[in-house]
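This report concerns only the one structure given below.
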Amino acid sequence: MKKHILLSLMLFFPILLISQQLYIGGTNMHLSGNVQVRLQDMDLNIGDNGGGQGRLYSGGLLTLNRNINVTSAADPFYKHGTNNGVIMFTGTGNVLINSGLAITMQSLKIDKSSGGLTLNTPVSLEGDLILTNGIITTTLTNILSMGLTSNVTGGSETSHVKGYMRKGGNATYHSFLFPLGTGVYYRPIGYSNLNAASTVTARHVENDPLGGWDTNPLVEGNVVNGKLIHRVTNIEYWEMTRTGGTGAKVILSWDNYYSQVANHENLLAAVWNGSAWRNLGVNAFNVSQKNFDSFNSTTMFGAFTLASSQLPPVPGDVNNDGFVNVLDVVWLVSYINGSPPVGFNTENGDVNNDGFINIADLTALINLIMGGAKSPQDVISEPGHLYLYDDGNVSFLSDGTLTALYFELKGEESDEADIGLVLDSDHIISYNQDTGIGLIYSMTNTPFEIGEIALMKIEGVDALKLTWGRAEASNVSHRLVHVNTYNSNEATPIAEISEGINDFRTFPNPGVGVFSVRFNLEKPNVLSYEISDDNGRIVYKTGRNEYSSGNHSEEFNLSSIMKSGVYFLRLIEHNASNGRNTVKQEEKLIIVK
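With my numbering as the guide, the letters of the sequence shown map in order to residues 1 to 593.
Next comes the structure, spelled out in structure tokens:
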């Protein structure tokens, strides 16, 4: 006779903690709608035993921070009555769902402080997908499928699906947004106005994450709602296929940083017809969600991407007068320090073509106007260091390759600051008291002297009431360079930046993207990792983790996302008492493939 485990606890004792072992073998386990069961540091194992099949009937909440391993000959997950149970993954580290057969679950929730969930088997949900924190990794073989009435709650940079998803739909359930992403960036795609029953499969593809916009795309040339495709991104695309010949509108998303979109109002949806991009137009923008649906429906499914109706830019002509001259410098300075002139052309403002408008574009524009040339070598600069002292004096430490500086001053009196340069060079300063943003640059792109120099003097305010905001620099190759800042009430000598973290080593370096990091902590700390390329673009980051004092060693396998080039690995300290995040260590990584 089959045994049954029945958990139907009273409301005054709603949570059961199991910290030893739970194996459902050849028996049934029932969780009623009021029950919460938490598995602490242990796997959930479900299998067959003695001719009986292991089954979990759940209408409650089952929480675990380890793996699910299924060895049953049939699907072991069932509803308890009419209630959809929820399986929630929490804790740290990466966990797995393992099974030799496709399984169907009710609702799935991920809320992990670090790490993610990987599916090693196809998983179908009859209930909802709840994304709070953590990445779910899937493949086409081990896909995550949503039921006809299933919904998604959440979806963000820190919680999405990296890989493939599938969803059934029809004329009643005619719209859905797949919460897809890269593992770092949230890049959803969806459909609306589905006119017949169909099963839709989708994924996001990083085709060339270091690329840009194709200014000579293969396009059909069709006009939709008065707009024509002039450019198509080659940074990313989505694959979305469906069964049958149903038609639908497509929902695409944009990210100003990742997608390099300066003006979303120029965006169009495009679908690949086998030889060229077909314009699907745009119906309406959801600015808060950063997505839009196409103007036209399509029966052609496959590759979709972002297109633009704007003509290719003329780098530097930000005032649209047809010339690139010193007037454009004035306009660009105003834009960067927070007072954008009416009519400023953001497309033309990206002079160095890195997808952003910042201090590096100012030096690139000056280079164009003065007929100069960037450094014959692609210079990789060390981070700068900006110090504010109690008396209002400011010093700057650099490696001699930085030519211009952007800074923000915060504080109630920042609008009264009177700032003067004390440099013995041709640099000039533009400070906007309304925004607290300042620019220091040279019309000949003269680098700041190597080492620590007296930079400027702040008067008219109490320096103790000022703090730095964002700061960054441009180098002789017109690349953006990070600048560390130190406030008057917390100034730290450069030799003490790494205090408390010893023997920081990364090896092998150079390498292929598989490396180890070792360091020693003098006291417990909360740290995270961040890796950026030489354009400052973040390609990988981790959540915050608590580390005890002593030696630590961590392994990274990022060969799939790190191409040949120069990267910067940063170890960041998170101070809970003052809310500050501080780069404690930075190491250059050379990737050679």
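Even for Gly, the Cβ is constructed at its ideal location relative to N, Cα and C.
Owing to the predicted nature of the structure, the values given are computational and were not obtained by experimental measurement.
The bridge partners DSSP lists for residue 432 are 437. Bridge partners of residue 269 according to DSSP: 281, 306. Looking at the backbone, the Cα of residue 185 and that of residue 256 are separated by about 11 Å. Per DSSP, residue 238 is one residue of the beta strand (DSSP E) stretching across 237–242. The beta strand (DSSP E) runs lying completely inside the region 537–585 and spanning 3 residues or more are 538–541, 545–547, 550–557, 565–574, given in chain order. For residue 326, the enclosing alpha helix (DSSP H) has its first and last residue at 326–336. One Cα belongs to residue 425, the other to residue 320, and the distance between them is close to 32 Å. Under DSSP, residue 214 takes part in a beta bridge, and its partners are 232. Annotation: residue 134 to residue 446 spans about 46 Å, alpha carbon to alpha carbon. As DSSP reads the structure, residue 116 sits in a beta bridge with 135. Comparing alpha-carbon positions, the option among 294, 264, 274 lying closest to residue 288 turns out to be 264. With respect to the 8 Å criterion, residue 163 and residue 201 are not classified as neighbours on the basis of their beta carbons. Annotation for residue 282: 267, 268, 269, 292, 294, 295 place their beta carbon closer than 7 Å to its own, counting only its chain and skipping 5 residues before and after.
Less than 8 Å divides the Cβ of residue 45 from the Cβ of residue 69. By a beta-carbon distance limit of 8 Å, residue 327 does not contact residue 298. Their separation comes to about 45 Å. CA-to-CA, the gap between residue 42 and residue 148 works out to about 33 Å. Comparing C-alpha distances from residue 566 to each of 551, 555, 126, 510 shows the shortest one belongs to 510. Secondary structure of residue 423 (DSSP, three-state): coil.
Restricting attention to 248, 538, 218, 98, the CA atom closest to the CA of residue 170 is found in 248. Inter-residue distance for residue 480 and residue 533 is about 11 Å (C-alpha atoms, whole angstroms). Counting along the chain, residue 293 sits inside the beta strand (DSSP E) bounded by residues 291–293. Runs of the beta strand (DSSP E) spanning 3 or more residues and lying entirely within the region 140–187 occur at 144–146, 152–154, 164–169, 176–178, in chain order. With fewer than 16 neighbouring CB atoms inside 10 Å of its own CB, residue 524 falls in the exposed class. Each of 434, 454, 507, 386 was checked against the Cα of residue 470, and the nearest Cα belongs to 386. In the three-state reduction of the DSSP assignment, residue 365 falls in the helix class.
Distance from the CA atom of residue 187 to the CA atom of residue 346, rounded to whole angstroms, is 23 Å.
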